[in-house]
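Undergrad: One structure, as structure tokens, below. Some questions next.
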Amino acid sequence: MSDLRQRFYFAHSPVRGEIVQLEQTLADVFNRHNYPLVIKKLLAELLTASVLLTATLKLQGRLSLQARGNGALKMIMAECNHHHEIRGIAQLTTEETIFADDATLNSLLGEGLLVITLEPEQGQRYQGIVPLEGSTIAECLEGYFSQSEQIPTRLWLASNDTLAAGVLLQALPQGKDDEEDEDRWPRLVQITQTLKSDELLELPAHEILYRLYHEESVTLPDSETVTFACTCSRENTANALISVGQAECEDIIAEQGEIRLHCQFCHCEYVFTTQDVRGLFQVQVH
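Number 271 in our numbering belongs to position 270 of the sequence shown; there are no gaps in the numbering.
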């Protein structure tokens with residue numbers, strides 16, 4: 002199974018959908034971390050959801066989903082940009098905690114919040130925050146759309162130790178060329194609910210869509226590839242040091258002889274020597 006996003010449309014209908022399937026990207030994320038199985042599965046679903054939601058937006062930039070709470074799982078985060086490049090991370094209260102394979106999102110996070118952030122390349126940053134009231138990532142995101150966007154949206158997410166997949170349905174305002182059919186939305190939701198997790202994970206996207214909607218007129222544009230990519234770079238790290246300020250960088254150099262910055266997402270490490278820091282601020286560092 003290739004890592005892909007497949008959009009689909011229903012003829013003369015304001016309902017649209019997305020299907021996402023991930024495999025290699027998950028390996029690229031998890032090979033850099035040692036997460037318990039249940040954390041892997043939750044992060045895999047959040048990564049899938051980030052691609053599904055990014056695909057529904059006409060956004061040149063990136064979207065991030067972050068759930069944080071006061072439980073054994075402090076934070077879980079996934080990012081996706083308009084190139085369908087993703088990365089993700091989870092932070093645990095302690096590595097010694099034993100996580101049950103069937104633990105729920107609520108039991109791991111405790112009381113918490115779901116934060117959805119849009120960062121366009123041009124324009125203002127937007128952030129939506131809702132309580133974590135659902136028992137699954139899909140339910141939490143559906144709650145967000147119900148409260149904040151008021152757009153009928155349903156998600157189905159599935160994951161195991163190596164694969165993740167998801168389907169999104171969204172009802173848009175009626176267009177002038179759309180046929181009147183009040184039963185279409187509940188009918189399509191009911192049909193999609195028949196999809197089993199194993200089918201979503203193991204079958205090709207086009208076969209899933211045929212099995213579900215073979216009695217509907219469905220249009221499939223070309224699918225798009227999803228890949229892992231981290232936004233960290235030496236240039237971005239240097240800019241972060243500049244924002245920290247000359248005095249603090251000088252203190253670190255004096256104490257440690259160099260500055261080492263580590264990316265939590267991909268584990269790349271950037272080392273800045275005395276000469277490097279001197280170049281950043283164009284002064285002599287003592």
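We treat Cβ as the ideally placed atom computed from N, Cα and C, and that holds for glycine. In this text, all values refer to a predicted model and were calculated from it rather than measured experimentally.
Which term fits Pro-15, buried or exposed, when burial requires 16 or more other beta carbons within 10 angstroms of its beta carbon?
TA: As a position in the sequence shown, residue 15 is number 14, starting the count at 1. Answer is buried; the Cβ neighbour count reaches 16.
Undergrad: In the DSSP assignment, the alpha helix (DSSP H) including Gln-247 goes from what residue to what residue?
TA: For this step, residue 247 is matched to residue 246 along the sequence shown. It spans 247-257 - the alpha helix (DSSP H) in which Gln-247 sits, taken as one unbroken run.
Undergrad: Look at Leu-53 and Val-21 and say whether their C-beta atoms are less than 7 Å apart.
TA: By 1-based counting over the sequence shown, the position of residue 53 is 52. By 1-based counting over the sequence shown, the position of residue 21 is 20. Their beta carbons are under 7 Å apart, which means Leu-53 touches Val-21 by this criterion.
Undergrad: Please name the residue or residues paired with His-263 in a DSSP beta bridge.
TA: As a working note, residue 263 is residue 262 in the sequence shown. Per DSSP, Glu-270.
Undergrad: Of the choices Asp-102, Leu-106, Glu-46, Leu-60, whose alpha-carbon is the least far from that of Gly-70?
TA: In the sequence shown, the residue the question calls residue 70 occupies position 69. Nearest option by C-alpha distance: Leu-106.
Undergrad: By the 10 Å Cβ neighbour count, where 16 or more other Cβ atoms means buried, how is Val-245 classified, buried or exposed?
TA: Walking along the sequence shown from the start, residue 245 turns up at place 244. Flag for Val-245 reads exposed.
Undergrad: For Thr-26 and Leu-119, I'd like the C-alpha separation in whole angstroms.
TA: Residue numbering aside, residue 26 sits at position 25 when the sequence shown is read from its first letter. Residue numbering aside, residue 119 sits at position 118 when the sequence shown is read from its first letter. Each residue's Cα considered, the two are about 22 Å apart.
Undergrad: Please classify Gln-301: is it buried, with 16 or more other beta-carbons within 10 angstroms of its beta-carbon, or exposed?
TA: What is shown of the chain runs 2 to 287, which leaves residue 301 out entirely.
Undergrad: Output needed for Ala-91: all residues of its chain with C-beta closer than 8 Å, excluding positions within five of it in sequence on either side, in chain order.
TA: On the sequence shown, position 90 is the one that residue 91 refers to. If we look at Ala-91 and ignore the five residues flanking it on each side, its Cβ neighbours are His-34, Tyr-36, Ile-40, Leu-43, Leu-44, Leu-74, Met-76, Ile-77, Met-78.
Undergrad: Quick test of the definition: if touching needs 3 or more C-beta pairs under 8 Å, does the region 226-244 touch the region 182-199?
TA: no
Undergrad: Going by the DSSP bridge assignment, what does Gln-125 pair with across the sheet?
TA: One-based indexing of the sequence shown puts residue 125 at position 124. Answer is none; Gln-125 lacks a bridge partner.
Undergrad: How is the beta strand (DSSP E) around Val-227 delimited, first residue to last?
TA: For the purposes of this step, residue 227 is taken as the residue at position 226 of the sequence shown. Where Val-227 is concerned, there is no enclosing beta strand (DSSP E), given that its DSSP letter is neither H nor E.
Undergrad: Identify which residue in Cys-231, Glu-216, Val-272, Gly-258 has its Cα closest to the Cα of Gly-89.
TA: By one-based count along the sequence shown, residue 89 stands at place 88. Here the closest residue by C-alpha is Cys-231.
Undergrad: Just how far apart, CA to CA, sit Glu-249 and Ala-241?
TA: For the purposes of this step, residue 249 is taken as the residue at position 248 of the sequence shown. For the purposes of this step, residue 241 is taken as the residue at position 240 of the sequence shown. Computed Cα separation, rounded: 12 Å.
Undergrad: Going by the DSSP bridge assignment, what does Tyr-36 pair with across the sheet?
TA: Walking along the sequence shown from the start, residue 36 turns up at place 35. Tyr-36 is not bridged to any residue.
Undergrad: Could you pull the DSSP bridge partners for Trp-186 from this structure?
TA: As a working mapping, residue 186 is identified with position 185 in the sequence shown. None; Trp-186 has no bridge partner.
Undergrad: Can you list, in chain order, the residues of its chain whose CB lies under 6 Å from that of Cys-264, leaving out five sequence neighbours each side?
TA: One-based indexing of the sequence shown puts residue 264 at position 263. Hits under 6 Å: Cys-233.
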